[in-house]
Amino acid sequence: AILAARSEVFERMIFTGTEVTGKQISFSEVEASSMKIILEYLYTGTVLERDITIDNALEVLHTADFFQLENFQDLSELYKKTCEKKEYGNKSPELLSKAVQLMSPLANNSVVDYLVDSVAKIPLDSIEIGRLSLQGLQCLLSKRNEARTSTSSEYSVLRFAILSAAKEVSEEAFSILNKRLPLWKKVKGSLQDIENNYLTENEIGTLIADAINPVIDYVNFRRIDGMILAKVIEPLDIIPINKITDSYRFQACKKYLSQEYYRTQIYDFKWDINGRGPNISISEDGYTISTTENMAAHQSVRTNYLMSNGIYEFHVLFEKVCLNSWVGVCDEDLDFSHFAGDQPNGWILGTNGCYYHNRQSIQGMSDFRKDNAKVI
């Protein structure tokens, strides 16, 4: 009676006799371990945090969807907390792949959205081919217009899609295409050396073209430099020619066209627990930092936002300013235990109006040591 009252699926099965054999109800689509957690939830109304791991959570959520448990938000939040535990590392590409395997590639729920946001922060060029499936990539690309940021160039998106499709075809296909598609940071400098990028293995090309077809419409070819299309992409004969010629026409008619740009939207900054000085603490929600009273030297902390090549605009508000504060950019190797402005890989602006980099400073503007100062 409890199960029937809390799940319409159980009610239908119990009272109509569907899939009931004697005193048993069978579910071929559900794993036993996930079923146990769902039953505990139906009887008690709660899920214990220790029962949810990064390996079983998606199966549990899939089971909850199977039983149409729409008010299962508490498990979604538990899942997010589990993913953020440091010991699991960043497995979001694999997890997004698994999520869309269990659900629709265009599924709309909080867990899929969370994983999409996590993967979008990672440049695709840094993700090993095979970690994110083609279906996972399709999900990522389909949702990137929804006020999400992307740290990957459009060429990198296309390259990742082609190589992912090639890997699904065969290791031989992947090896052949990998040699013909340089990373974004290398392709611009190697264009003059690329003379014959034609794919002579026609059968492999056809198989890759078929595999990549579901994601092609999510790639904006107008964002890819015409020389890259002409010398690297078109000779492969994998992409429909109308996509490439449309890009050529667009770029020929466009008077001002940046060589390539990124889909960058409004982003919700949080502080990165893995990028902070030893005397800096970050609040549980990730929005607030504090320091210990005995901190003798300036230390640094970074946000969880990853940038790549391109032009970015930031709006920074100093709600409550102290004697001096700084904001800027750095690379991944910054020493957060020391002042960023003294390092060759840190570029910062202080509330005193000075720019700092590699132990050098210049006065760039008047100081803005006041509450609610806004820097753009």
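Counted the way full-length UniProt numbering counts, the sequence shown spans residues 1 to 376. Positions of the beta carbon are idealized from the N, C-alpha and C atoms, including for glycine.
Name, in chain order, the residues that DSSP records as bridge partners for residue i.
i, result
"Q135", "DSSP lists no partner for Q135."
"S281", "S290"
"K374", "L317"
"G130", "Answer is none; G130 lacks a bridge partner."
At which residues does the alpha helix (DSSP H) containing residue i begin and terminate?
i, result
"C354", "Where C354 is concerned, there is no enclosing alpha helix (DSSP H), although the beta strand (DSSP E) it sits in stretches over 354 to 357."
"C330", "Not the alpha helix (DSSP H): C330 falls in the beta strand (DSSP E), residues 326 to 330."
"K231", "Element bounds for K231: n/a, residue is neither H nor E."
"S110", "110 to 120"
"S247", "241 to 253"
"A296", "Here A296 belongs to no alpha helix (DSSP H), and DSSP marks it neither H nor E."
Inspect the beta-carbon positions of residue i and residue j and report whether they are closer than 9 Å.
i, j, result
"N324", "Q299", "no"
"L102", "L61", "yes"
"F221", "L158", "yes"
"I54", "T82", "yes"
"L137", "A173", "no"
"G328", "I348", "yes"
"D272", "N304", "yes"
"Y248", "G226", "yes"
"F318", "D285", "no"
"P214", "L134", "yes"
"S118", "S156", "no"
"I241", "I162", "no"
"S153", "R50", "no"
"D237", "G205", "yes"
Hey, could you find the ends of the beta strand (DSSP E) residue i is sitting in?
i, result
"K36", "K36 -> not in any beta strand (DSSP E); alpha helix (DSSP H) instead, spanning 32 to 44."
"T303", "301 to 303"
"R276", "271 to 276"
"Q360", "360 to 363"
"L349", "346 to 350"
Rounded C-beta distance between residue i and residue j? I'm assuming under 8 Å.
i, j, result
"I129", "S164", "6 Å"
"R276", "V301", "4 Å"
"V232", "L181", "7 Å"
"L140", "A166", "Not quite, the Cβ-Cβ distance comes to about 18 Å (not below 8 Å), so this is no contact."
message = Please give the ranges of any alpha helix (DSSP H) in the region 151 to 213, keeping only runs that are unbroken, at least 4 residues long and fully inside the region.
response = You should have 154 to 169, 171 to 180, 184 to 190.
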